[in-house]
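Sequence lines, in order, name chains C and V.
Under this note's numbering, think of the first position of the first sequence as 1, with each following residue one higher.
Under this note's numbering, think of the first position of the second sequence as 262, with each following residue one higher.
Glycine residues also receive a C-beta, built at the ideal position from the N, C-alpha and C atoms.
Okay, structure first, notes after.
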Amino acid sequence: MVCAMLLALIFLAAIFADYLAPADPYKTSMLLRLKPFGFRGHLLGTDELGRDLLSRLLYGGRLSLLMGVSPVIAALAVGATLGIVAGFVGGAVNTMIMRTVDVFYAFPSVLLAIAISGSLGAGIPNAILSLTIVFIPPIARVAESVTTGVRNLDYVGAARASGAGALSIMRIHVLRNVLGPIFVYATSLISVSIILASGLSFLGLGVEPPHAEWGLMLNTLRPAIYLNPAVAALPGAAILVTSICFNLLTDGLRQAMDVRA
Amino acid sequence: MNAAEPPVLQVSGLRKYFPVRGQAAWSRKLHVRAVDGVDLSIRRGETLGIVGESGCGKSTLARLLIRLIEPDAGDVEFDGRRLGIRGGISVREMRRAVQMVFQDSFASLNPRLTLEATIAYAPAVHGASPAEARRRAHSVLAQVGLAPEQFADRYPHELSGGQRQRVNIARALALQPQLMILDEAVSALDKSVEAQVLNLLLDLKDELGLTYLFISHDLNVVQYLSDRVAVMYLGRVVEIGTVDAVYDRSAHPYTRALLAAMPAMDPDARATEPPLQGDPPNPIDPPSGCRFRTRCVFAEPVCATVEPPLAAVHPTASTAPEAADHHAACLMNLPGSRHSRAPQGALELA
């Protein structure tokens with residue numbers, strides 16, 4: 001509950017950054033580099049180019065959340081479809097889909113994201129695409145195993161025994177029982193996605209300077225960690241809090257979705 | 262029960278082999294012979310019990326009959342109409358006339374549907390209007406002893422095991438079937454609840470004129486509920502006959518061993534047959550000839566070479582009227598089989 005409210009707050013802050021930000025996030029000042037908290041109206045200090053850090057964090061939330069949520073939604077659409085079809089149809093179709101998915105699954109996710117982004121080139125759309133490809137296999141795997149489990153339960157057998165068609169069984173008996181766990185799993189991937197997106201930006205494969213994005217900010221502030229560690233750690237803290245919130249939200253969702261609870 | 266009337270369900274040569282997974286592509290293909298040539302007929306209005314150890318193919322047989330799995334071979338005839346041929350009965354029609362109650366009362370109910378939705382689903386599939394399906398759901402709930410106004414909107418996890426099994430029975434009844442397959446339907450319930458559900462089944466049968474195929478490993482329950490019994494061993498029917506014939510005058514040594522393993526309340530009535538040793542042989546590679554010979558105390562060399570057919574038990578004076586109805590697959594029951602205990606006589610091999 002608390003984390004859901006905190007997440008809502010983070011989202012709202014990012015959406016209304018235009019109104020909330022005390023300063024222009026791109027206005028540099030050589031005189032005000034790496035100032036500490038509260039320095040002359042800069043509530044959270046300034047970064048290595050003298051830009052207001054609070055404003056940059058607020059604006060950075062936009063890109064970070066976009067790159068955290070959109071790949072997961074896209075991967076959910078593709079991966080869940082593949083997995084549910086594979087699990088429901090079974091047999092050769094299952095083998096074909098799942099073995100293909102396994103090929104992608106075999107690569108470590110970070111490596112795969114870097115490889116795809118690297119070959120496509122830097123930029124936000126490419127980063128989102130590469131993250132989507134990274135997340136399709138795990139979602140398809142979960143969807144397939146949940147669907148296979150449900151398909152073999154007796155109530156699906158009973159539905160077949162009462163003469164129901166495949167589509168009706170899929171809609172009433174399978175989808176209703178598999179979407180919950182798949183959603184829960186996908187939600188847990190959002191925090192991973194934010195971290196991976198930040199990682200891509202950190203490596204220069206995602207968002208490019210001077211855009212504000214938490215991972216990129218973490219990268220550019222890195223040399224300042226000895227001069228002003230508190231300021232340098234802030235984007236990292238933002239990533240941490242957001243991903244923990246998504247993880248806790250996942251736990252909450254899992255409990256809420258459990259019919260026997 | 263009129264023997265002259267055509268059987269409601271006639272099964273002949275039913276066979277299902279499951280491929281064994283995980284074998285190398287170049288090796289000989291191995292199969293689990295789950296159901297290996299079963300012949301059965303169920304008469305209208307009777308209860309046919311099927312007993313046997315775990316893994317003898319009882320549940321596979323049930324799933325084959327209702328076409329949840331496709332048989333490799335064999336014919337199924339419902340009400341004289343063959344299944345799956347032009348002019349015969351369609352699988353869909355068959356699934357309306359034959360319904361099944363599963364063992365696991367929890368797994369057989371969709372956790373996300375109310376009882377009303379679960380029961381109304383089947384009639385709706387068969388074209389009933391939502392209101393009509395709902396009315397049907399309420400009336401069958403009442404029939405199984407669950408007040409519709411109290412239970413219609415509940416979910417399966419809110420019920421006890423006995424109540425859930427009543428719901429499963431109600432779901433099966435909702436299509437107004439002629440034949441109900443009860444696959445270990447009461448096995449998971451505790452004894453007092455089991456008795457209640459059994460009595461409910463008996464009442465429903467009288468009330469609705471149902472025919473039951475009752476699958477169980479519980480010999481007492483089968484004896485209580487059934488008119489006739491079929492004993493299965495390794496995918497085959499080894500003995501079939503009326504309850505009295507099979508229980509009191511068992512012709513197959515396996516049946517006798519099963520019955521001997523049944524705990525008796527009266528110490529004097531305890532059977533003296535030796536209990537069975539070991540597990541059933543691997544159904545991937547069943548023994549040659551008689552499948553039971555590896556555990557049979559009467560096994561002789563001839564048993565390894567001749568596969569005993571299901572033949573009428575040699576009639577004696579006292580059992581003559583029922584003899585035609587009592588069959589066993591044992592060489593000791595087959596005149597002229599060269600088994601030392603076979604009946605000596607010039608009877609034809611029927």
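Of all residues in the segment 357 to 369 of chain V, only Arg-357, Gln-360, Met-361, Phe-363, Asp-365, Ala-368 and Ser-369 come within less than 7 Å of chain C when Cβ atoms are compared, listed by chain position.
Along the segment 163 to 189 of chain C, going in chain order, the ones with a CB nearer than 7 Å to a CB of chain V are Gly-163, Ala-164, Ser-168, Ile-172, His-173, Arg-176 and Asn-177. One finds Ala-158, Ala-159, Ala-161, Ser-162, Gly-163 and Ala-164 in chain C with Cβ atoms closer than 9 Å to the Cβ of Ala-383/V, taken in chain order.
Our two residues, Gly-163/C and Phe-559/V, have alpha carbons roughly 47 Å apart in a direct line. Flagged as an interface residue toward chain V: Leu-153/C, by a C-beta distance shorter than 8 Å. Comparing alpha carbon positions, the residue from Val-241/C, Phe-16/C, Thr-250/C and Leu-249/C closest to Ser-55/C is Phe-16/C.
In the assembly as shown, Gly-496/V is a buried residue. Its beta-carbon has 16 or more other beta-carbons within 10 Å. Annotation: the segment 140 to 198 of chain C contains the following complete segments of the alpha helix (DSSP H) (minimum length 4 residues), in chain order: 154 to 161. The contact set of Leu-322/V on chain C, defined by CB atoms closer than 9 Å, is empty, because the minimum CB distance reaches about 14 Å.
If you look at Ala-92/C, you'll find it in the alpha helix (DSSP H) that goes 91 to 105.
DSSP, reduced to helix, strand and coil, places Pro-541/V outside both helices and strands of the structure shown, so it counts as coil. For Val-558/V, there is no enclosing alpha helix (DSSP H), as DSSP marks it with neither H nor E.
Burial is judged here by how many other beta carbons sit within 10 angstroms of a residue's own beta carbon; Ala-256/C has fewer than 16 and is exposed.
Counting along the chain, Leu-7/C sits inside the alpha helix (DSSP H) bounded by residues 2 to 15. Straight through space, the alpha carbons of Phe-553/V and Thr-100/C are spaced by roughly 47 Å. Per the C-alpha coordinates, the member of Cys-245/C, Ala-224/C, Asp-258/C and Leu-218/C positioned closest to Leu-57/C is Leu-218/C.
Pairing Pro-384/V with Glu-393/V gives a Cβ-Cβ distance under 8 Å.
Linking Val-272/V to Phe-104/C through their CA atoms gives a straight-line distance of about 49 Å. Look at the segment 393 to 457 of chain V and you find these whole runs of alpha helix (DSSP H), each 4 residues long or longer: 409 to 412 and 422 to 434.
With fewer than 16 other beta carbons inside 10 angstroms of its own, Met-96/C counts as exposed.
Taking a cut-off of 8 Å for Cβ pairs, the segment 166 to 186 of chain C and the segment 230 to 247 of chain C do not touch, as fewer than three such pairs fall below it. Counting the other CB atoms within 10 Å of its CB gives Pro-268/V a total of 16 or more, which places it among the buried residues.
Three or more Cβ pairs drawn from the segment 466 to 476 of chain V and the segment 439 to 450 of chain V lie within less than 8 Å of each other, which places the two stretches in contact. Look at Glu-307/V here: in three-state DSSP terms it is coil, with no helix or strand label.
Across the set Arg-276/V, Arg-282/V and Cys-317/V, the C-alpha of Cys-317/V shows the shortest separation from the C-alpha of Pro-542/V. Per DSSP, reduced to three states, the secondary structure at Lys-35/C is coil, with no helix or strand assignment. Between Leu-131/C and Ser-193/C, the C-beta spacing is below 8 Å. Take Cys-551/V, set aside five residues on each side of it, and the residues of its chain with a beta-carbon closer than 6 Å to its own are Cys-564 and Pro-569, in chain order.
Straight-line spacing of the CA atoms in Ala-413/V and His-387/V works out to 20 Å.
Looking at the DSSP output, Tyr-485/V shares a beta bridge with no other residue. Residues of the segment 458 to 474 of chain V with a Cβ closer than 8 Å to any Cβ of chain C: none. For Arg-556/V, the closest of Glu-266/V, Val-337/V and Pro-514/V by C-alpha to C-alpha distance is Pro-514/V. Looking from the CA of Lys-35/C, the closest CA among Gly-50/C, Thr-28/C and Gly-157/C belongs to Gly-50/C.
Non-local beta-carbon contacts of Gly-118/C in its own chain, meaning distances under 8 Å to residues more than five positions away in sequence, involve Leu-205 in chain order. Cβ contact annotation for Gly-470/V (same chain, cutoff 7 Å, sequence separation greater than five): Gly-306, in chain order. Here the C-alpha atom of Phe-279/V lies approximately 49 Å from the C-alpha atom of Pro-125/C.
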